[in-house]
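The sequence shown finishes on residue 1295 if you use this note's numbering, and the numbering steps up by one all the way, no holes.
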Amino acid sequence: MNGHCLCGAVHFTSPVAKEIGACHCGFCRRWGGGPLLAVHCGPEVEFTGEEHIGVYASSDWAQRAFCTRCGTHLYYKLLATGEYFIPAGAFETQDFELASQIYIDKKPAYYAFANQTPTLTEQQVIAQYGPPNG
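Right under this line is the structure:
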């Protein structure tokens, strides 16, 4: 699948994936003004225009990237596995299905999705994806 930032300075290619996950954590909502609707693309994502990618270490286990020219959010990346989660709106295709929601206990009351999906709380997410203790 192909995609790019708003200004076209950064392009990317990822393996085909059709499911979107929604993250309701405070970091994602602060980053984008609402939940992050992202496609889990795995570690095999290729970028062009890397000189326009800004990276921010948003936690001990992940980083977020953006286009330094237009500000488009490019990815959330897990450091331990190198897996990319790319905002669905950055892809050229719109052939996706909302499949899951995480940090559901942090979702504010001012919005709700009609889709019935599996959900994980903050504690469940940290237990499953966070860095090992110790």
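Using N, Cα and C, we set each Cβ at its ideal position, and we do this for glycine too.
Worksheet item: Is there contact here, the stretch 1202-1211 with the stretch 1249-1266, by at least three beta-carbon pairs under 8 Å?
Response: no
Worksheet item: Cβ of Cys1228 less than 8 Å from any chain B Cβ?
Response: The chain labelled as chain B is not found in the depicted structure, where only one protein chain is given.
Fill in: Nearest candidate by alpha-carbon position, reference Ala1260, set Ala1223, Gln1277, Gly1195, Pro1269
Looking up residue 1260 in the sequence shown gives position 99. Out of Ala1223, Gln1277, Gly1195, Pro1269, Gln1277 has the C-alpha closest to the C-alpha of Ala1260.
Worksheet item: According to the neighbour-count rule (16 or more other Cβ atoms, all chains shown, within 10 Å of its Cβ), is Cys1231 buried or exposed?
Response: Working through the sequence shown from its first residue, we reach residue 1231 at position 70. Cys1231 comes out exposed.
Worksheet item: Where do the ends of the beta strand (DSSP E) carrying Tyr1236 lie?
Response: Here residue 1236 is taken as the residue at index 75 of the sequence shown, counted from 1. Element bounds for Tyr1236: 1234-1239.
Discussion item. Please report the straight-line C-alpha distance between Gly1296 and His1185, rounded to a whole angstrom.
Written reply: There is simply no residue 1296 to check, as the chain begins at 1162 and stops at 1295 in what is shown.
Fill in: For Gln1224 and Leu1197, the rounded distance between their alpha carbons
Against the sequence shown, residue 1197 aligns to sequence position 36. Against the sequence shown, residue 1224 aligns to sequence position 63. Computed Cα separation, rounded: 14 Å.
Worksheet item: Alpha carbon to alpha carbon, what distance is there between Trp1222 and Lys1267?
Response: Here residue 1267 refers to the residue found at position 106 of the sequence shown. Here residue 1222 refers to the residue found at position 61 of the sequence shown. Computed Cα separation, rounded: 19 Å.
Fill in: First and last residue of the uninterrupted beta strand (DSSP E) at Phe1227
Locating residue 1227 in the sequence shown gives position 66, counting from the first residue. Residues 1223-1228.
Worksheet item: When burial is assigned at 16 or more other CB atoms within 10 Å of the CB, is Leu1240 buried or exposed?
Response: As a working note, residue 1240 is residue 79 in the sequence shown. Exposed, since its Cβ has fewer than 16 Cβ neighbours within 10 Å.
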